[in-house]
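Participant: Throughout the sequence shown, residue numbering follows our numbering, covering 266 to 550 in sequence. Every residue gets a Cβ at the ideal spot worked out from N, C-alpha and C, and that includes glycine.
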Amino acid sequence: INPVRTARPSLVRYSEPIFGVVTPEIIQDTFLHMAMENERYLSELCGEAGCFKDTQIVEFVFLLAGKWSLTESATYQAVEIFERYILKLLEEFSNLTLGKEEDSSWASLKAQMEDTYMLRLVSCIQLASKFSFHYKIVNNKMVLKFLKSLGFSYTTEELLESELAILKALHFQVNVPVPLAYVEVLLEVLGKPRRRILKKLALIPICLSLLSVAEQAKFVSVKEDLMLLAVGVIGASSFLLNHEDWNQVVEYLNSTTGISLLSITEAVYAILKNSLGLGSTVDGC
């Protein structure tokens, strides 16, 4: 019997991603690393963080990402890339104009940004698509067709230059942690020993729905703290799925992340209120 030939059916059978096979130790290490990364990010947060995650911008990215069938992870990455690029642009421009006439300089920057705003935003979505390594990436033809439908006329060369401008501004550091990753890893950490209370498969669709709406809401203090946002989304999803077990889930979130019960409850309240208008029904708020 040829062992290679007999092994082929199993390879075909499991060609799709297999979930839940990572050891608890690796998941725990990943979670701790992400928690430290989140703390570092918060310590370096600039005062303007979150300004370019405006509701209309995020909604536009989500709608266009849906049209182009981007993965959820790539969609959130596009939002992060765009905001980081704009903040970097403003920072560099501010450094260049120190001591100069600010009014005329900022007017010049505003005009420049308005001219390329849509191009840069769409380029961020295209970059996120490419870095997701998905078999369906957003190609130049799709981007040019979309921009043309909005009345813009660009060439393939201009698209490539736009992508390069973004990459250079970010020093080619494109992939950063996104809210979805924190939700997924935290669900893994919580779900291993508590499968009865945390029904992961039932929670995931609700988490995705609440997270997408929360990303468009205007509460920067929650949105920029990715661990707190993940905790709030899981807590809110659990509340909607099974109110009776909600207090237990919040206690699990508290013991796992070290985030206070009050902060968790406030995050859940904010997400439910902004997403569904149900905040006043949460116990303890």
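State buried or exposed for T288, treating a residue as buried only when at least 16 other CB atoms are found within 10 Å of its CB.
Facilitator: exposed
Participant: Considering only residues of the same chain and omitting the five flanking positions on each side of A495, which have a CB-CB separation below 7 Å?
Facilitator: P444, Y447, V448, L451
Participant: Measure the CB-CB distance between A330 and T340 and report whether it falls below 7 Å.
Facilitator: yes
Participant: Tell me which residue opens and which closes the alpha helix (DSSP H) that A501 is part of.
Facilitator: 491-506
Participant: Would S334 be called buried (16 or more neighbouring beta carbons within 10 Å of its own) or exposed?
Facilitator: exposed
Participant: When we look at the beta-carbon of G500 and count the other beta-carbons within 10 Å, is it buried (16 or more) or exposed?
Facilitator: buried
Participant: Taking the beta carbon of M492 as the centre, do at least 16 other beta carbons fall within 10 Å, making it buried, or is it exposed?
Facilitator: Buried, since its Cβ has 16 or more Cβ neighbours within 10 Å.
Participant: Would a C-beta distance cut-off of 7 Å place I346 and A314 closer than the cut-off?
Facilitator: no
Participant: Decide if D380 is buried, meaning its Cβ has at least 16 other Cβ atoms within 10 Å, or exposed.
Facilitator: Exposed, because fewer than 16 other Cβ atoms sit within 10 Å of the Cβ of D380.
Participant: Within 10 angstroms of the Cβ of K375, are there 16 or more other Cβ atoms? Answer buried if so, exposed if not.
Facilitator: exposed
Participant: Would you tell me roughly how many angstroms separate the C-alpha atoms of L435 and S503, rounded to the nearest one?
Facilitator: The alpha-carbon of L435 is positioned some 37 Å away from that of S503.
Participant: Thinking F317 and E348 are a contact (beta carbons under 8 Å), I'd like their distance in whole angstroms, please.
Facilitator: 4 Å
Participant: Assuming L583 and N405 are in contact, meaning their beta carbons sit under 8 Å apart, how far apart are those beta carbons, in whole angstroms?
Facilitator: Residue 583 lies beyond the stretch modelled for the chain, which goes from 266 to 550, so this question has no answer here.
Participant: Tell me which residues share the same chain as E509 and place their Cβ nearer than 7 Å to its Cβ, disregarding the 5 neighbours each side in the sequence.
Facilitator: none
Participant: Pull up the distance between the alpha-carbon of P274 and that of P442, whole angstroms please.
Facilitator: Since pLDDT at P274 reaches only 42, below the 50 mark, its modelled position is unreliable, and no value is offered.
Participant: Could you spell out where the alpha helix (DSSP H) holding G331 opens and where it closes?
Facilitator: 320-332
Participant: Kindly indicate which three-state DSSP category C311 falls into: helix, strand or coil?
Facilitator: coil
Participant: Thinking C-beta only, is C472 closer than 7 Å to V454?
Facilitator: No. Outside cutoff.
Participant: Measuring CB to CB, does V326 end up less than 7 Å from A343?
Facilitator: yes
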